[in-house]
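Have a look at the structure below before the remarks.
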């Protein structure tokens, strides 16, 4: 079994090419992690995910503890065996969902009491409990339990929340059971306050986590604020540890964050958009339900070599969405994950070749140019 | 290009092992054709269909003429290219849907006027029009346009309807454009009246169609009546032409019809049931939503080697259905199609080995025995 380790292979300005070694396989960074909330990346088969060159996926502790429950999953060999995914798995801690799903909840020093969105039953989640659940789920990378506050928030509220999250980080780390090739990541909080981000990052660095996440972003603060926050947080993160920007994002967000030294990303956007008929392409987003695609024999993205683009016309995909056919969701989700993973591949190759800046400019310019209308 | 041809390889009592040669590939019979109503076999990717050893699929003229329309499909290279299916394709004529979808319709000698289920617009479908649409769809096997009446029906009504269908068969055949390796099948009508079935079959045989279907069954008459009808119709069908029992059926129906000399089947059951959580297994049907599967680590069917059964537990599939995850529909549909195709393979091998009777007895007995409850 290999030790959990991040190897920095090359810097290109602040962009980083690296590799994460885990008990369940290696991960080339910068990496995008498809989201498999309920132990399935929605509408995708595991071999589709593999074919897209996805190397690690994310699952949600909150959803899985409510249904089917961590004990059932544990008895069946953990999330990876349960869903037939043999690569590395990252689980979030549940903190974000307790916030975002807006359940009636009360927070105290000990933890969070909330009601299940499924049946109203009461749950009490603590750092210790979250870490134990993630252990039972068999996560390769466990995330600390934190409080995620909604922005905008006052300095005082943000400070109090961050400090609570740091005390919970201490407790999370204590509760975590070390296993070779597994890891627990700390989550830097502090909203959009430089001073607080520095305090949080420094606190976690002193605890010597094997990896760090920037949490509490991508919650409505806007791209500019997000990039700014990354910029002043990044210097306080170790260079020999992976850095994970949680819940991000659009292709443009990812490019900008890689430029600022981020290694890991996750987002529901490619799969959720795919189910809604939105396709990511090298020339920007298109809505396949739009009538202009009715007779269009072209691929979604002529620069893409995924199964969907190689084999199906926009006209066919348009038809599937109009007819509410499940295959439409499957093919668009598959394409979008491939688009994201091809982008990540392009990012990694360009860092390797020392021309990430050039790659990203070309990429962004082409996308900003928009779709070519059928002639 | 090969001539369209049926080769009878071997009889085992009345069961027939054969091969159909078409412009788009060979078909081993007895064959089950998955239904791809709107140019997609619901929730299945084309390579899933291929992997299940499906050799021909069916699409519905009625649905495709309404949406996206036969001209759009024709411009995009026909249904096969449109949906990326390179094997043979059979299309029904639309007659059955005009009946079953219960649209306001009026029938006269010329054809059927009906309202679109999608937008209420009026359509007039005639034998000539149906054959032309199927031509534009690029069907390997075109079906005659017929009137399908609901059972029970009086002798007089059934006779009038059958005679109309026979006049429409003449017109369908005249309208059909021959192409090497393509074919048009006549449809025998006559309800459950022996005399009428004989008249209809004889009429079509005199027209020398390359294949025959038995239509107007599996509409509520029950298995006994259906088998009886096949038995007295079969002697009037050529032995050197394929025989297709339309819209059938459950595994037990197929076994019984093969025994009575039928070569081809189609049915929505495996895919529709799959989407509803019902799985076909060698020990009968199971409903995966049932709570007894919550923690069950076993495969749906331990006798099955499909992707779903090799890689997923009943507990996982149960979870996917409880969580309304699309992957659940995908995996169950895939399994069910594999179950059907494995059954067809078993049928063909047993006819080849001259022990079809023994195979079918064992198969039926095991299914009647029911699922083994978890110990």
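Residue numbers (this note's numbering), protein chains in the order written: chain A, 919 to 1293; chain B, 919 to 1293.
The C-beta atom is built at its ideal place from N, Cα and C for all residues, glycine as well.
- Distance from the CA atom of residue 1292 (chain B) to the CA atom of residue 1209 (chain B), rounded to whole angstroms, is 12 Å.
- Taking all protein chains shown into account, residue 1097 (chain A) has fewer than 16 neighbouring C-beta atoms within 10 Å of its C-beta and is therefore exposed.
- Residue-level contact by beta carbon holds for residue 956 (chain B) and chain A, with a gap shorter than 9 Å.
- Pairing residue 950 (chain B) with residue 1262 (chain B), the inter-Cα distance amounts to about 7 Å.
- Along the region 1201 to 1219 of chain B, the positions whose C-beta sits under 8 Å from a C-beta of chain A are 1212, 1213, 1215, read in chain order.
- Look at residue 985 (chain A): its C-beta is under 9 Å from a C-beta on chain B.
- In this structure, the straight-line span from the alpha carbon of residue 991 (chain B) to that of residue 958 (chain B) is close to 13 Å.
- Residue 1232 (chain B) sits close to residue 1214 (chain B), with the two beta carbons spaced by under 9 Å.
- Going by C-alpha positions, residue 1045 (chain B) is about 11 Å away from residue 1082 (chain B).
- Residue state for residue 1196 (chain A) is assigned as strand, using DSSP reduced to three classes.
- Distance check between residue 1056 (chain A) and each of A:1152, A:1172, A:1000, A:1129 places A:1000 closest, using alpha-carbon atoms only.
- The Cβ-Cβ distance between residue 1105 (chain B) and residue 1155 (chain B) does not fall below 9 Å.
- In the same chain as residue 1147 (chain B), and ignoring 5 residues on each side of it, the C-beta atoms closer than 7 Å to its own belong to 1110, 1115, 1135, in chain order.
- Between the C-alpha atoms of residue 1112 (chain B) and residue 1090 (chain B) there is a straight-line separation of about 24 Å.
- Cβ neighbours of residue 932 (chain B) within its own chain (closer than 8 Å, five residues either side excluded): 1152, 1177, 1178, 1179.
- The beta carbon of residue 1274 (chain A) sits closer than 8 Å to those of 930, 931, 933, 1176, 1177, 1265, 1268, all from its chain and outside the five residues before and after it, given in chain order.
- The beta carbon of residue 1095 (chain B) is closer than 7 Å to those of 1053 in its chain, skipping five residues each way along the sequence.
- For residue 975 (chain A), the pairing in a beta bridge is given by DSSP as A:1007.
- Taking 3 residues as the shortest admissible run, the region 1155 to 1200 of chain B contains the following complete beta strand (DSSP E) segments, listed from N- to C-terminal end: 1161 to 1163, 1182 to 1185, 1196 to 1199.
- When Cβ pairs closer than 8 Å are counted between the two stretches, the region 1066 to 1076 of chain B is seen not to touch the region 1022 to 1034 of chain B, the count staying below three.
- Here residue 1043 (chain A) is near residue 1031 (chain A), since their CB atoms are less than 9 Å apart.
- Distance from the Cα of residue 1035 (chain B) is smallest, within the candidate group B:925, B:1170, B:980, for B:980.
- If you look at residue 1150 (chain B), you'll find it in the alpha helix (DSSP H) that goes 1141 to 1151.
- In the structure shown, residue 1065 (chain B) falls within a coil segment according to DSSP collapsed to helix, strand and coil.
- Relative to the Cα of residue 1149 (chain A), the nearest Cα in the group A:1165, A:1228, A:1127, A:1174 belongs to A:1174.
- Listed along chain B, no residue sits closer than 9 Å to residue 942 (chain A) by beta-carbon distance, the nearest being about 17 Å off.
- Residue 962 (chain B) is positioned such that its CB atom lies closer than 9 Å to that of residue 1189 (chain B).
- For residue 993 (chain A), the neighbours in chain B by C-beta distance under 7 Å run, in chain order, 1213.
- Interface annotation, residue 977 (chain B): not in contact with chain A, CB-CB separation never under 9 Å.
- Separation of residue 1211 (chain A) and residue 1236 (chain A) (C-alpha to C-alpha, rounded to the nearest whole angstrom) is 6 Å.
- Taking a Cβ-Cβ threshold of 9 Å, none of the residues of chain A is close to residue 1292 (chain B); the smallest such distance is about 13 Å.
- In the DSSP secondary-structure assignment, residue 945 (chain A) is bridged to A:938.
- Counting only residues of its own chain and dropping the five nearest sequence neighbours on each side, residue 1193 (chain A) has a CB closer than 6 Å to the CB of 1247.
- Along the length of the region 1189 to 1265 of chain B, whole beta strand (DSSP E) runs at least 3 residues long occupy 1196 to 1199, 1202 to 1205, reported in chain order.
- Leaving aside the five residues that flank residue 923 (chain B) on each side, the residues in its chain whose CB is nearer than 6 Å to its CB run, in chain order, 939.
- Per the C-alpha coordinates, the member of A:1163, A:1130, A:1144 positioned closest to residue 1157 (chain A) is A:1130.
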